[in-house]
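30 is the number of the first residue of the sequence shown in the working numbering; add one for each residue after it.
For glycine and all other residues, C-beta sits at the position ideal for the given N, C-alpha and C.
The structure presented is a predicted model; accordingly, all values stated were derived computationally and were not measured.
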Amino acid sequence: MHHPDRGVTLLLHLCLLLLGLPSLHCSAEPQLTSWYTSQSGKYARIFTSKENEIASLTSVTWSRGRGSQSSPTYAGVHEIHHDASWVYVRTSGLGFHVMGPWYLNEAKTRNFPNFPSNTATTYRIPRNPTAFNGTVTTGFGAIGYFVDGVALFDATDTFSYINGSASDGSPQGGGRGDGVWNRDAYVNEGVTFDSANAPQAGNLHHYHANAPAIRHLLNDSVDYNAETNRYTENFNGRHSPILGWVSDGHPIYGPYGFSDPVDPDSPVRLLSSGYQKRDGSNGSTNLSRTGRTSLPDWATRLQGRSTTLATNQYGPAVNTTYILGHYLEDYAYKGDLGLGQGVNFDLDEYNGRFCVTPEFPEGVWAYFTTIATDGTPVFPYNIGRNFYGTPNGGSVNTIPGNASLSFVGGPSTQHQTVEVSKNGGVVTLTWSTVEGGSYQLENSTDLETWTEEGAEIIADATSNSTVSRAGNTARFYRLKRTGIAAYDQTGFNNQFEEGQAGGGGGAGGGADNFVATFTGPPLPPAQLIQDLRIGNPGVPASLVSRDSGTQITISFDAAALGPGSHAVYVFFTTPNGNQLTLTSTNRYSP
30 MHHPDRGVTL LLHLCLLLLG LPSLHCSAEP QLTSWYTSQS GKYARIFTSK ENEIASLTSV
90 TWSRGRGSQS SPTYAGVHEI HHDASWVYVR TSGLGFHVMG PWYLNEAKTR NFPNFPSNTA
150 TTYRIPRNPT AFNGTVTTGF GAIGYFVDGV ALFDATDTFS YINGSASDGS PQGGGRGDGV
210 WNRDAYVNEG VTFDSANAPQ AGNLHHYHAN APAIRHLLND SVDYNAETNR YTENFNGRHS
270 PILGWVSDGH PIYGPYGFSD PVDPDSPVRL LSSGYQKRDG SNGSTNLSRT GRTSLPDWAT
330 RLQGRSTTLA TNQYGPAVNT TYILGHYLED YAYKGDLGLG QGVNFDLDEY NGRFCVTPEF
390 PEGVWAYFTT IATDGTPVFP YNIGRNFYGT PNGGSVNTIP GNASLSFVGG PSTQHQTVEV
450 SKNGGVVTLT WSTVEGGSYQ LENSTDLETW TEEGAEIIAD ATSNSTVSRA GNTARFYRLK
510 RTGIAAYDQT GFNNQFEEGQ AGGGGGAGGG ADNFVATFTG PPLPPAQLIQ DLRIGNPGVP
570 ASLVSRDSGT QITISFDAAA LGPGSHAVYV FFTTPNGNQL TLTSTNRYSP
């Protein structure tokens, strides 16, 4: 995983061993592995104004309207848990890219009323995609989450036409509307979106349509110009990755898929929407001629609404104010016009299809983002008017205690060595770090006595720090986190050095756990532990976690122990061949 990097340069001439803790790994299951976590530990940032955008001046604290961030917070998904039925993600709701700025008009002279902020959301999705249902219309608010931890909204902005006042409902007053002619969010609110096509509802940052920022981070055919803060579509020939998960358990892919849905060897191309405007083409109703006096057939099939409307349900005439495409009901599904999926278009009325993908070689029904070749969003954007499956996922207040932790990041991110390079006698070590964390480099010749080297390092997002040392002595190096700057802790549980999966130690294990504490020489890295025992001679134990340099958690079968109190023994061999045993200072009593 990549985090804001901190480099330490050392002048050495002999061998080098890098010490660190193993990280959590989950099985190759897309519901667990597709979340974007490689920049976890990075602060969320915004451009507060167009002037700051031009100057590339970002902010980690801000305040406007309902979005106030008085302390920095960490971007994206910072925990992933799962049990047999659900995947649970914890997210700040803020993207890893620089978000903003936001305005109410094209000239960018009127500020959007709210900034985003940390929503401290816990969201669950079904562990497996739900079966076809097709009868549930998407609702307001988050209907899923993108893999960068940003909320997914549907195609509507929650307002509709009011026949009695001959005007749209709006945030400025007049009510929500009649609910017959529902406004398209991208068409009506697109001017308020930032360059990543995202606004906020209150403080909730979200995407309605094509999300180029996360697509760029995932290498999904999007280029980014940091100088202008603009994204450009640039097809790279590869199948799109998973961009998000809907509350019915089905994935959303980017816009590119196999031309033959069941042949992974077929060419990859842009997939086409199954919708078109009701402009008279392909036998559709020409709303410019008839007026908005009827609904499309999909409204009956998906929602049970009659296509025939009473006069007090009519929408406005098509004109420059209410252009064709202003409302969701301005679109017809091509399958209702006699055209065929897989022949004339790719995606069904739910905006997906059954197909093979790199993550699902046996096939899965999946949603796809729809765009034009230049990246312009195309209706219905990410998901049709109804869910394909049953949307029984959603926000929850707690994660069950029996759920397994698959990933922990944000302030809990464990630093790791990400690069070692050598140029002559100079060896450069680069560790991943948590932004705002403070770190101390230490060296040892025997893994027993450690000496601080150089000044304490404060990790930021942009710079590297170097420490030089001359000599011909083989040394071991490790980076120790010594603290972390103040941050918005809402929704975060700082588990630094806790819950990290052990890589070695013992062949025992059982239903009983014990936290053992040690003084004196620090505990070796988990992968160097050769054996663990509790009691003398005692019973074998297994490493649950190396919690710190002085503490481990073990599991064992307490029923196999005799009476009395029992110390924990850690056996390992140093690189120079010395066999050592460390004994815990606390003891377990059955």
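In terms of Cα proximity to S441, the closest of W274, K71, T261 and T164 is K71.
Using a 10 angstroms sphere on the CB of L86, the tally of other CB atoms stays under 16, which defines it as exposed. Per the C-alpha coordinates, the member of H234, V449 and G204 positioned closest to P142 is H234.
Nearest neighbour of I109 by Cα position, chosen from D252, I243, I281 and I428, turns out to be I428.
By the criterion of a C-beta distance shorter than 6 Å, A171 is surrounded in its chain by A180, once the five residues flanking it on both sides are discounted. Within the DSSP secondary-structure output, K306 pairs in a beta bridge with Y360.
Membership of S317 in the alpha helix (DSSP H) is indicated by the continuous run L316 to T319. Counting the other Cβ atoms within 10 Å of the Cβ of V372 gives fewer than 16, which makes it exposed. Counted as a single uninterrupted DSSP element, the stretch harbouring K79 is not any beta strand (DSSP E) but the alpha helix (DSSP H) occupying residues K79 to I83.
Our two residues, S613 and A225, have alpha carbons roughly 53 Å apart in a direct line.
With contacts defined by Cβ atoms closer than 7 Å, A361 and S288 do not form a contacting pair. Listed in chain order, the non-local C-beta contacts of R95 below 7 Å within the same chain comprise N143, G231 and N232, local neighbours out to five positions each way being set aside.
Between I400 and S467 a beta carbon distance of about 43 Å is seen, past the 8 Å cut, so the two are scored as non-contacting. Where T261 is concerned, the enclosing beta strand (DSSP E) starts and stops at R259 to E262. Here K451 is exposed: its Cβ has fewer than 16 other Cβ atoms, across all protein chains shown, within 10 Å. It is roughly 15 Å from the alpha-carbon of S574 to the alpha-carbon of P551. Contact check for Y152 against S435 fails: the beta carbons are separated by 7 Å or more.
In this structure, L590 keeps its C-beta atom at 7 Å or more from the C-beta atom of P569. Residue nearest to V116 within the set N140, A104 and E58 is E58 (criterion: CA-CA distance).
W131 is the residue among H126, W131 and S69 whose C-alpha sits nearest the C-alpha of T77. The three-state reading of DSSP puts Q98 in strand, counting E and B together. Note that the C-beta distance between S114 and I271 is not below 7 Å. The C-beta separation of R244 from G283 comes to about 6 Å, placing the pair in contact by the 8 Å criterion. A direct Cα-Cα distance of roughly 15 Å separates T148 from M128. Look at S146 here: in three-state DSSP terms it is coil, with no helix or strand label.
A distance below 6 Å between beta-carbons, with the five flanking residues on each side excluded, links G453 to no residue of its chain. For H237, the three-state secondary structure derived from DSSP is coil. Runs of the beta strand (DSSP E) lying entirely within the region 446–486 and spanning at least 3 residues, in chain order: 446–452, 455–461 and 466–473. According to the DSSP secondary-structure assignment, E108 is paired through a beta bridge with R119 and V437. The shortest CA-to-CA distance from A545 to any of N522, V599, L470 and R507 is the one to V599. The region 293–306 and the region 184–199 do not touch, with fewer than three beta-carbon pairs separated by less than 8 Å. Sixteen is the threshold: when 16 or more other Cβ atoms of the shown chains lie within 10 Å of the Cβ of E262, as they do, the residue is buried.
Assignment of beta-bridge partners to L611 by DSSP yields V599.
Contact annotation: the region 411–421 touches the region 161–169, with at least three C-beta pairs closer than 8 Å. In the DSSP assignment, P59 falls within the alpha helix (DSSP H) that extends over P59 to T62. Here DSSP, grouped into helix, strand and coil, assigns G173 to strand.
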